[in-house]
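Visitor:
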Amino acid sequence: MFTGIIEELGEITELSWKGEGAVLAVRGPIVASDARHGDSIAVNGVCLTVVTTDGESFTVDVMKESFDRSSLAQLTPGSRVNLERAAKVGDRLGGHIVQGHVDGVATITAREPGDLWEIVRFTLPPDLARYAVEKGSITVDGISLTITEISADHFSVSLIPTTLEVTTLGRKAVGDLVNIEVDVVAKYVERLVTPHTDRLAGGAR
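Using UniProt numbering, you'd call the opening residue of the sequence shown number 1 and step up by one each time.
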């Protein structure tokens with residue numbers, strides 16, 4: 001589990017394709033400092049498992065499923081990525097519950113700089129729209145953010161200077177793709193109530 005609070009802006013140093021999968025090498029001295037084989041690290045919001053580490057960098061295997069559901073296939077050596085280690089039991093939950101299981105990909109459609117913050121607008125995939133609400137949490141490239149405005153096919157967030165400085169969202173441009181993970185609590189609630197709402201709907205006929 002993660003919290004969506006980015007620890008470090010890392011860099012892709014190597015991407016080696018192996019059939020439909022690949023091995024990523026990532027430089028991130030902070031997250032790699034205590035990383036061990038088998039540990040989980042979120043790379044742009046995608047939970048990946050450490051294979052090797054030298055204390056400065058680490059490698060991960062990326063499966064076809066991860067490439068199909070995320071924007072990881074667009075990474076190249078030199079790409080900057082958001083990094084977060086898995087949360088420890090007892091840590092402060094500064095963001096929200098993030099699994100690192102990307103639900104889909106969105107596109108940045110607008111950026112509106114302000115005096116103290118910047119409003120960034122994204123497309124909202126139709127199959128994820130029901131899980132997003134104004135003032136609710138959403139994960140963008142691994143960053144825990146609050147939705148400030150929402151419509152049927154778009155949502156917006158307001159980014160403070162710190163977020164712009166220490167994450168990839170300060171460098172992304174209109175048209176760039178980002179990974180989206182909706183609030184897992186909303187998905188569980190839907191799963192739990194659907195049988196009851198279906199039964200009630202059936203009885204009303």
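All residues carry an ideal CB built from backbone N, CA and C; glycine is no exception.
For the UniProt domain "Lumazine-binding" (1–96), which segments carrying the beta strand (DSSP E) assignment without a break, of at least 3 residues, lie completely within its bounds, in sequence order?
Guide: 8–18, 21–27, 40–43, 46–53, 57–62 and 80–85, all fully within the UniProt domain "Lumazine-binding" (1–96).
Visitor: Could you check what DSSP says for Arg171 in three-state terms: helix, strand or coil?
Guide: Note: Arg171 maps to coil in three-state DSSP.
Visitor: What are the boundary residues of the alpha helix (DSSP H) that includes Pro125?
Guide: Run containing Pro125: none; DSSP gives neither H nor E here.
Visitor: Helix, strand or coil for His154? Go by DSSP, reduced to three states.
Guide: Here His154 sits in strand by DSSP.
Visitor: Is Ile119 closer than 8 Å to Val174 when the C-beta atoms are compared?
Guide: Not closer than 8 Å, so no.
Visitor: Ser71 and Asn44 - do their beta-carbons sit closer together than 8 Å?
Guide: Cβ distance < 8 Å, so Asn44 and Ser71 count as in contact.
Visitor: Counting Cβ pairs closer than 8 Å, one from the stretch 74–82 and one from the stretch 38–56, do we hit at least three?
Guide: Touching, per the Cβ criterion.
Visitor: Do you know whose CA, among Gln99, Glu112, Gly10 and Leu177, lies nearest Glu56's CA?
Guide: Among Gln99, Glu112, Gly10 and Leu177, the Cα nearest to that of Glu56 is on Gly10.
Visitor: For the beta strand (DSSP E) that contains Val182, what are its first and last residues?
Guide: Leu177 to Val182 is the span of the beta strand (DSSP E), which, as asked, contains Val182.
Visitor: Our contact map puts residue 222 next to Ala35 with C-beta atoms below 8 Å; I'd like the distance itself, whole angstroms only.
Guide: Because the chain in this structure spans residues 1 to 205, residue 222 falls outside the shown range and cannot be described.
Visitor: According to the Cβ coordinates, are Leu124 and His154 closer than 8 Å?
Guide: Yes, these two residues count as a Cβ contact at 8 Å.
Visitor: Name, in chain order, the residues that DSSP records as bridge partners for Pro161.
Guide: Looking at the DSSP assignment, Pro161 forms no beta bridge with any residue, so it has no partner.
Visitor: Taking C-alpha atoms, which residue in Ile160, Ala132, Pro195 and Glu65 lies nearest to Glu112?
Guide: Looking at the Cα atoms, Ile160 is the closest of the given residues.
Visitor: Less than 8 Å separating the beta-carbons of Ala110 and Arg121?
Guide: Yes, they are a contact pair.
Visitor: Should Val193 go down as buried or exposed, given a rule of 16 or more other Cβ atoms within 10 Å for buried?
Guide: Exposed, since its Cβ has fewer than 16 Cβ neighbours within 10 Å.
Visitor: Secondary structure at residue 270, three-state DSSP: helix, strand or coil?
Guide: The structure shown does not extend to residue 270, since the chain is modelled only from 1 to 205, so the question has no answer here.
Visitor: Note the first and the last residue of the continuous beta strand (DSSP E) segment covering Gly104.
Guide: That run of the beta strand (DSSP E) goes Gly104 to Pro113.
Visitor: Could you have a look at Glu134 and say whether DSSP puts it in helix, strand or coil?
Guide: Residue state, collapsed to three classes: coil.
Visitor: Of the residues Gln74, Leu48, Leu75 and Thr76, which one's Cα is nearest the Cα of Met63?
Guide: Of Gln74, Leu48, Leu75 and Thr76, the residue nearest in Cα terms is Leu48.
Visitor: Between which residues of its own chain and Ser144 is the CB-CB distance below 7 Å, once the five residues before and five after are set aside?
Guide: The residues are Thr3, Gly4, Ile5, Gly95, His96, Val98 and Ser137.
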